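Contents: one structure, followed by commentary.
2 protein chains.
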Amino acid sequence: MNKTPINVFCPATIANLSCGFDVLGLALESTGDLMKMRLTEKPGVRITRITGGDLPLEPEKNVAGVAAMALLEASDFNGGLEMEIEKRILPGSGIGSSAASAAGAVWGLNRLLGDPFSLTELVQFAIEGEALASGVPHADNVAPALYGGITLIRGHDPLDIARVHCPPLLYAVVLHPQIELKTADSRSILKRSITLEQGIRQWGNVGGLITGLFTEDYGLISRSLKDGVIEPIRSLLIPGFDQMRQVAMDAGALGFGISGSGPSVFALTKGERLARDTETALNKYYKSVGIPYITFTSAINQDGVRLFPQ
Amino acid sequence: MNKTPINVFCPATIANLSCGFDVLGLALESTGDLMKMRLTEKPGVRITRITGGDLPLEPEKNVAGVAAMALLEASDFNGGLEMEIEKRILPGSGIGSSAASAAGAVWGLNRLLGDPFSLTELVQFAIEGEALASGVPHADNVAPALYGGITLIRGHDPLDIARVHCPPLLYAVVLHPQIELKTADSRSILKRSITLEQGIRQWGNVGGLITGLFTEDYGLISRSLKDGVIEPIRSLLIPGFDQMRQVAMDAGALGFGISGSGPSVFALTKGERLARDTETALNKYYKSVGIPYITFTSAINQDGVRLFPQ
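Protein chains in written order, with the working numbering: chain A, 1 to 310; chain B, 1 to 310.
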């Protein structure tokens with residue numbers, strides 16, 4: 001048994017990407033949790049330290065712990081795992097904080113065990129952790145965190161994940177208004193039915209976004225980054241949403257929307273320069289709203305969870 | 001003014017492609033209408049002859065006539081158009097019979113006038129003809145007939161059409177049960193709302209189908225060729241639908257569904273050999289149903305309407 005510890009970087013992620021509710025997600029390069037992990041002879045999972053977030057150390061109450069336990073259970077390894085988590089993604093921010101830790105835990109443990117499991121299997125273990133956080137097992141943050149780039153979850157039963165081409169010039173800007181918005185609440189306000197017309201527009205946009213990504217047609221990407229189903233409802237919970245969209249689009253963003261179930265919002269841009277401009281413009285506007293917030297600009301993470309430093 | 005007549009081939013098309021209701025379509029190589037067209041000094045549109053279908057010669061009652069009139073109206077040409085139509089696509093078959101004539105009329109007229117209009121503009125003119133046939137202006141057959149290959153209609157207002165990559169090994173099999181099924185009736189039985197879960201599955205499949213087409217991942221294409229929204233309702237109008245699906249899938253098809261609003265059904269396959277096998281198996285089964293029908297196998301038309309012979 002190799003007891004050498006490893007450090008892993010677990011990227012933040014943006015789920016949904018406007019039209020792709022519950023199916024699309026994207027991994028971010030500039031923000032992520034760090035985890036230190038090592039195998040132990042003693043069975044079971046122990047979380048020895050968490051910094052940057054007030055989260056439970058008991059593994060069965062922690063998404064990373066639950067995810068790691070699910071993998072250990074399925075493996076033929078008789079020992080255990082010890083991990084430290086440095087939360088750099090604020091819990092509750094809507095950019096996949098719990099998914100990052102769950103993804104990092106299973107990816108790191110799998111690496112320590114000699115990679116016995118496939119990426120899709122890792123997603124399965126990680127969403128057992130995610131279910132603890134959101135009440136429902138969702139892969140829309142975990143999949144991009146593990147695969148990197150832009151992922152499509154075609155279906156959940158069985159889990160069917162595909163990588164979508166990610167144009168190299170794509171950048172993301174995130175603004176996190178620091179208000180509390182629980183994923184479970186954010187789901188409960190959704191309507192359970194939509195009109196057929198809303199559906200047609202939504203799958204037309206999903207088709208357009210994916211076609212635009214594969215063909216690197218930024219105009220088509222921009223026209224497709226629309227959500228007529230979820231956003232009109234959820235955006236009501238985010239102060240200044242409509243104004244932020246206007247500000248971001250005026251600054252040259254390709255699109256603007258809610259990151260996952262919020263409260264973070266995101267813009268996508270063609271190139272870093274426009275991303276910085278968009279971030280500056282959003283900052284200028286959001287200062288006037290009077291809610292504490294943070295912003296950042298990020299390239300797209302292409303590899304998912306990885307060793308750190310590489 | 002050039003009075004030399006041209007002959008054009010106007011391909012049959014399969015709209016919807018299972019999950020892509022109202023947004024996806026595909027052009028067929030082996031079946032299409034033929035049209036002979038020439039400019040005249042006399043203004044207006046004249047249809048001098050129609051063979052293969054009992055369709056009105058009056059241009060204002062004929063989809064090709066209405067489409068050609070719409071283009072003439074928008075052009076600065078003071079003369080007129082004469083055309084003969086050889087219908088090889090049976091009207092009411094569900095493989096874009098009216099769209100083929102409308103697309104052929106506008107493409108041929110545009111060519112005769114020196115190509116003043118773009119493909120998207122041609123689609124706009126052609127759907128004015130289509131509206132006459134189906135009661136609602138839809139581009140889902142006209143777009144692939146004009147663009148060729150596989151097309152996505154991201155949105156209708158404004159019309160936003162994109163080409164989706166078409167893997168070279170893709171083949172289609174069509175079975176046309178010769179029963180009458182009007183597009184308008186076929187739309188009226190649809191439910192006007194769907195559950196959010198149905199929507200998510202549908203746009204997951206649209207995303208999967210388009211990703212599979214771009215990456216030439218036939219497994220993903222196959223898993224994505226599903227329709228949980230329209231097919232469960234419309235398929236009730238097509239005798240033997242469920243059995244045909246079973247027969248096609250057993251013969252190795254990637255997927256099976258309703259072509260447009262029916263009554264034709266289609267299968268997609270990887271390669272011509274499996275297409276022929278699927279056609280044979282469908283034939284064998286459908287003989288027992290006791291309804292007159294025809295079948296054919298086709299490669300995908302990559303260029304849309306074209307001069308004939310080339």
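By construction, the Cβ of each residue, glycine as well, lies at the ideal position given by its N, Cα and C atoms.
For clarity, every value in this text was computed on a predicted model and none was experimentally measured.
| Asked | Found |
| --- | --- |
| Assigned exposure category for A:ASN78 - 16 Cβ within 10 Å defines buried | exposed |
| is_contact[A:THR211, chain B] using C-beta, thresh 7 Å | yes |
| Residue burial classification, A:ILE14 (beta-carbon count within 10 angstroms, cutoff 16) | buried |
| Neighbour list for B:PHE21 in chain A, Cβ cutoff strictly below 9 Å | LEU196, GLY199, ILE200, TRP203 |
| Spatial distance of B:GLU272 from B:TYR171 (CA atoms) | 6 Å |
| Cβ-based neighbour list, B:TYR286, same chain, cut-off 8 Å, excluding 5 preceding and 5 following | LEU175, PRO177, GLY240, MET244, TYR293, THR295 |
| B:ASN2 burial status per 10 Å Cβ neighbour count (16 or more: buried) | exposed |
| Neighbourhood of B:GLY80 by C-beta, 8 Å cutoff - its chain only, sequence neighbours within 5 removed | LEU39, THR40, GLU41, LYS42, PRO43, GLY44, VAL45, ARG46, LEU72 |
| Neighbourhood of B:ILE50 by C-beta distance below 6 Å, restricted to the same chain and skipping five residues each side | ILE85 |
| Minimum Cβ-Cβ distance from A:PHE256 to chain B less than 7 Å | no |
| Contacts around B:ALA251, its chain only, beta-carbon distance under 6 Å, and the 5 residues preceding and following it disregarded | ASP277, THR278, ALA281 |
| Straight-line Cα distance separating A:SER18 from B:PRO137 | 27 Å |
| 7 Å Cβ cutoff, B:LEU26 in contact with chain A | no |
| Short CB-CB distance (under 7 Å) between B:VAL136 and chain A | no |
| Cβ-Cβ separation, A:GLY148 to A:GLY32 (assumed contact under 8 Å), whole Å | Actually they are not in contact, since the Cβ atoms of A:GLY32 and A:GLY148 sit about 11 Å apart, beyond 8 Å. |
| Top-ranked residue by Cα proximity to A:GLY96, from A:ALA68, A:GLY25, A:ASN110 | A:GLY25 |
| Any 3 or more C-beta pairs closer than 8 Å across the segment 202-216 of chain B and the segment 197-215 of chain A | yes |
| Residues near B:VAL142 by beta carbon distance below 7 Å, same chain, minus five either side | ALA99, ALA102, ALA103, VAL123, ALA126, ILE127, GLU130 |
| CB contact below 7 Å: B:SER261 versus chain A | no |
| 8 Å CB neighbourhood of A:TYR218 in its chain, flanking five on each side removed | PRO167, LEU169, GLY212, LEU254, LYS270 |
| Cβ distance (whole Å) where B:ILE179 is taken to contact B:PRO91 below 8 Å | Wrong, their Cβ atoms sit about 13 Å apart, outside the cutoff. |
| Contacting positions in the segment 214-240 of chain A - beta carbon closer than 8 Å to chain B | PHE214, THR215, ASP217, LEU220, ARG223, SER224, VAL229 |
| Chain A residues whose Cβ lies nearer than 7 Å to that of B:SER188 | Per Cβ cutoff of 7 Å: no residues; B:SER188 is ~12 Å from chain A at best. |
| Chain A contact residues for B:VAL152, given Cβ-Cβ distances below 7 Å | It should be pointed out that residue 152 of chain B corresponds to Leu in this sequence rather than to Val. Under the 7 Å cutoff, chain A gives GLY207, GLY208, THR211. |
| Contact belief for B:MET83 with B:MET37 at Cβ below 8 Å, rounded distance in angstroms | 4 Å |
| Against chain B: residues of the segment 151-179 of chain A by CB proximity under 9 Å | LEU152, ILE153, ARG154, GLY155, HIS156, ASP160, ALA162, ARG163, VAL164, HIS165 |
| 7 Å Cβ cutoff, A:SER193 in contact with chain B | yes |
| Bounding residues of the beta strand (DSSP E) (the contiguous stretch that carries B:ASN205) | First-last for B:ASN205: 196-215, but that is the alpha helix (DSSP H), not the beta strand (DSSP E). |
| Cβ separation of A:ALA105 and A:ALA145, assumed to be a contact under 8 Å, to the nearest whole Å | The pair is not a contact, with the Cβ atoms about 11 Å apart (cut-off 8 Å). |
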